[in-house]
Structures are given as structure tokens and as C-alpha cells.
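Reading the sequence shown from the start, the letters are residues 1 to 416 in full-length UniProt numbering. Where is the CB? At the ideal position from N, CA and C, for every residue including glycine. This one's a predicted model, so the numbers in the text were calculated from it and none came from an experiment.
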Amino acid sequence: MTQPPTPETTPRNFLGADEARATILDAVSTIVGWERVAVRAALGRVLALDVIAPCNVPAHDNSAMDGYAVRATDLAAAGDTALTVVGTAYAGRPFSGIVGAGQAIRIMTGAAIPEGADTIVVQEVTRREDNQVFIPAGQRRGQNLRRAGEDLALGSAALSAGRRCGPAELGLIASLGIAEITVCRRLRVAFFSTGDEIASIGRPLAPGEVYDSNRYTLFGALTRLGCDLIDMGVIADNPAALEAAFSEASQAADVIITSGGVSVGEADFIRNMMTRMGEVSFWKLAIKPGRPMAFGRIGNAMLFGLPGNPVAVLVTFYQFVQDALLKLMGVNPLPPAGLFEAICTDAIRKQPGRCEYIRGRLSRSNAQISVAQAGAQGSGILRSMSEADCFIVLPEDCAGVTPGDRVRVQPFDGLV
1 MTQPPTPETT PRNFLGADEA RATILDAVST IVGWERVAVR AALGRVLALD VIAPCNVPAH
61 DNSAMDGYAV RATDLAAAGD TALTVVGTAY AGRPFSGIVG AGQAIRIMTG AAIPEGADTI
121 VVQEVTRRED NQVFIPAGQR RGQNLRRAGE DLALGSAALS AGRRCGPAEL GLIASLGIAE
181 ITVCRRLRVA FFSTGDEIAS IGRPLAPGEV YDSNRYTLFG ALTRLGCDLI DMGVIADNPA
241 ALEAAFSEAS QAADVIITSG GVSVGEADFI RNMMTRMGEV SFWKLAIKPG RPMAFGRIGN
301 AMLFGLPGNP VAVLVTFYQF VQDALLKLMG VNPLPPAGLF EAICTDAIRK QPGRCEYIRG
361 RLSRSNAQIS VAQAGAQGSG ILRSMSEADC FIVLPEDCAG VTPGDRVRVQ PFDGLV
């Protein structure tokens, strides 16, 4: 399946995918600023400070099951033990007395353990006759108890700074009785498309025009990350217009993302504009799709110049931009790439020397996971991206795939 790349097949002056990713992440750091928000407003936000538990969770010893609260010393080693039921404990309505010798308390899940009891016997194994309950032998002291602070102890760090809040985090914060938390401010991202041929949706196309899909792709990806967006529309292939757009964006945003204009055509001005107004770290990658991608800075804003082809926009965003944005947002540690191996059912042609991201579709048969190409793979065919659920990631040294080969895949549901 693979062979070492040769000087003839390795593009010169092209940065490899891993090196490009490392270069970007080394260049960015968490933005400054934080705010207090209500717990319900914290979904997707990044914690700026540790969340410290102001109480024990659970707050008291309680029952993990419906059953009977008893004293282990009352239970016989063999045969049934008859105990007198003297009360009931409900969640939120504890039994106020003390469990004495030979006594039991009917108890519900979540109810506080009555004083004197140290063991919960599940109701399924018991036998009840009037006010007596019969407990079989074989019970263990302390069984079916949830101890106070078992989940979180008073004063412990419930969540660490850098954690991005999902549904579970919101519930955990709420379980501590905390109404507001401190989160990093939202990342401000300005984005626009470039090109005289790009038309906004909602009007008929003129000859030679194409509708602007890239801004909507980026809108979706950036909105899902929780960024504050500055949509600057479509900018014509005009140096003065581009300079004005870059100047405005660099003053208003933390990050600028463009699509189109980063190749070497006569009307591709992004790289030269970046060089004149700021700095460029790289602009050619040894990947497919997405070879022309610029990364640098203008003023205080990081700049990502993405290709114009719709699929290349998504590939470069997910492989290089998204983690940089998460780091800027304060996420620490960054989520793993989620790569795993699957059996490829298709033959895939490839020359060594560049990393390729093939749109794939996963399937499972018993314990075996397989992957096939999801439609046509042209960098302008967005439909196959919609039909795919993963990338098949072919590294630089891969010289093609035959059916039955194991390949690395990156599922989309792990891409935030």
C-alpha cells in the first residue's frame, strides 16, 4: 500500500499536513477576556476558571435502590432475618427517627440513609408480610449506598478551566447549585469570499458566475463552534477593495477567514495582500484537496486564506483551522483527531508526496468496519461531502489503496 516518497514525487517548498498543523498551533494562543454567564447560556462556551464544588454531591448518604434500610449487625449469616418495618424514607422526605435493633425502614432511591442504618437491601430479594420484612442471607454491609461527596467533594475542582461546556457539564454545574460561571469571551471571526465570479444567493446568475456556497459553509462551521461572526459578504478581485476589507476585519476581529484568491492566478491577490499588510507563514500545502492555503497575520488578527473550491474549504477548515480556533477560544486540551482504522472496499489511486483527504462512507458488518468512497471526489463537488460521514486520510507515503487494505478514517461526528 505504501512506499517512501521520492524527491520526484514530493512537492518542493510544500508544507506537510502535520508540519502545517503544528506551525499554526504554535502561532496561536488563547484570547484575553472573560465574562460571567448564566448556566443555560454556557452551552459551547469555554470555562475561564475552574469550577469549584461549594458542596458535596450528593449532599448526604443516600440509597441507590428502592428497598429497605437496615443494620448489618441484625442480619443472620444463614437463613432469613425478620425485621419490623417502622417507617418510610422518600427522596426529599427523610425518615426522622433512628433505626433500632431488629428494625427496618422502607426506602426509595435517592432518599437519605436514616440514622442507625448502614445497608440497603433491594426490594426484589425481600418478602413482606404486614409490618415485617424478611431479608435473605448474603447481604454485605454498606451495599447499595451512595456516600456524601462520592461524585464531588466540597472544595474539589468539578471542572477545569479550558473545558468546553456540553450538556453534561451544564448538568454538573447545576448539580452544585451554581447559577453563573466565568467563561472566556467569544472569539470574533470575520469572513468573506473573494472573486468577481462569486454571486450572492437570491438573484439570477450572470454569465460566468457561480453562487457563493463557501460563506454558508463557513457560517455553519463557525456558528457550531460558538464564534461571534462578522460576515463581510463577497469582495471583488480588486486590490483596493481587498485592502479595505482586510483593514476593517483586522480591527474588528481576532481571526479573518477568506475563501478564494490564494492561488497563483493573475487575479489571486490574497497572498500578496497578506505579505504587504502583515506576514505569511506559509501558503502551499502538500495535501489534496486544498493545496493553496495561506496562514499568517494582519495586525492583531490571525488570517486563514482558504482555497476557493467548496470541498477544499471544508477540508482545510477541519484539518487546520478548527483546532486553532479552539485554542484561541481557550479549549485545553484540544480534542483528539478521532482517527481509527477501517477496511477500504474501493481501489483508490494516489501518488506519494502529499496527504489526501478522501470523502468516505462508513459501514459495519458484524464486528468489521468498512469504508468506501462517497461519490465523485472533485474538489468542487460539495454533494459528495454532504453524502460522506468521514474522511479517508491517506498519508504522504501512501502509493494507492487496493480493496481490502486498512486505511485511517476520521469520522465527521468527531469534528465538533
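In the DSSP assignment, Gln103 falls within the beta strand (DSSP E) that extends over 103-107. Taking the Cα of Asp237 as reference, the smallest distance to any Cα among Ala312, Tyr216, Gly308 is reached at Gly308. Secondary structure within the stretch 147-188: the beta strand (DSSP E) runs of 3 or more consecutive residues, fully enclosed, are 157-159, 180-184 (chain order). Pairing Ile257 with Leu47 gives a Cβ-Cβ distance that is not under 8 Å. Per the C-alpha coordinates, the member of Ala72, Asn56, Asp130 positioned closest to Gly87 is Asp130.
Leaving aside the five residues that flank Leu362 on each side, the residues in its chain whose CB is nearer than 8 Å to its CB run, in chain order, Ala342, Ile369, Ser370, Val371, Asp389, Cys390, Val409, Pro411. Contact between the stretch 135-148 and the stretch 68-78 is present, with at least three C-beta pairs closer than 8 Å.
Here the alpha carbon of Ala206 sits roughly 15 Å from the alpha carbon of Val234. For the options Val39, Leu145, Gly330, the alpha carbon positioned closest to that of Ile31 is the one of Gly330. Counting of Cβ neighbours within 10 angstroms places Asp413 among the exposed residues, the total staying below 16. With a 10 Å radius around the Cβ and a threshold of 16 neighbouring Cβ atoms, Val315 comes out buried.
Contact check between the stretch 149-164 and the stretch 197-212: fewer than three CB pairs, one atom from each, fall below 8 Å, which does not count as touching. By the Cβ-count criterion, Glu387 is exposed, with fewer than 16 other Cβ atoms from all chains shown falling within 10 Å of its own Cβ. In this chain, the alpha helix (DSSP H) harbouring Gly220 covers 214-225. Counting only residues of its own chain and dropping the five nearest sequence neighbours on each side, Ile173 has a CB closer than 8 Å to the CB of Val39, Ala42, Val51, Ala158, Leu159, Cys165, Ile181. For secondary structure counted as the alpha helix (DSSP H) over 4 or more consecutive residues, the UniProt domain "MoaB/Mog" (190-327) holds these complete runs in sequence order: 214-225, 239-252, 270-277, 310-316. Remark: fewer than three beta-carbon pairs, one from each stretch, lie closer than 8 Å, so the stretch 207-219 and the stretch 53-73 are not flagged as touching. Cβ atoms of Thr119 and Gln143 come within 8 Å of each other, at about 6 Å. Contact between Leu328 and Val28 holds: their C-beta atoms lie close to 5 Å from each other, under 8 Å. The DSSP-derived three-state label of Val39 is helix. The three-state secondary structure of Ser96, taken from DSSP, is coil.
The beta-carbon separation of Ala301 and Ala240, rounded to 20 Å, does not stay under the 8 Å limit for a contact. Nearest Cα to Glu19 within the set Lys284, Ser175, Ala244: Lys284. Around the beta carbon of Phe340, a 10 Å sphere encloses fewer than 16 other beta carbons of the protein chains shown; the residue is thus reported as exposed.
Put simply, of Phe295, Arg203, Ala117 the residue whose alpha carbon is nearest the alpha carbon of Phe95 is Ala117. Inter-residue distance for Ala312 and Ser247 is about 26 Å (C-alpha atoms, whole angstroms). Under DSSP, Asn62 takes part in a beta bridge, and its partners are Ala112, Arg146. With a cutoff of 8 Å on beta-carbon distance, Ala53 and Leu176 are scored as near each other. Rounded to whole angstroms, the separation of the alpha carbons of Leu394 and Val407 is 7 Å.
Rounded to the nearest angstrom, the Cβ distance from Asn56 to Leu152 is 7 Å, consistent with a contact under 8 Å. Counted as a single uninterrupted DSSP element, the beta strand (DSSP E) harbouring Ala372 occupies residues 368-373.
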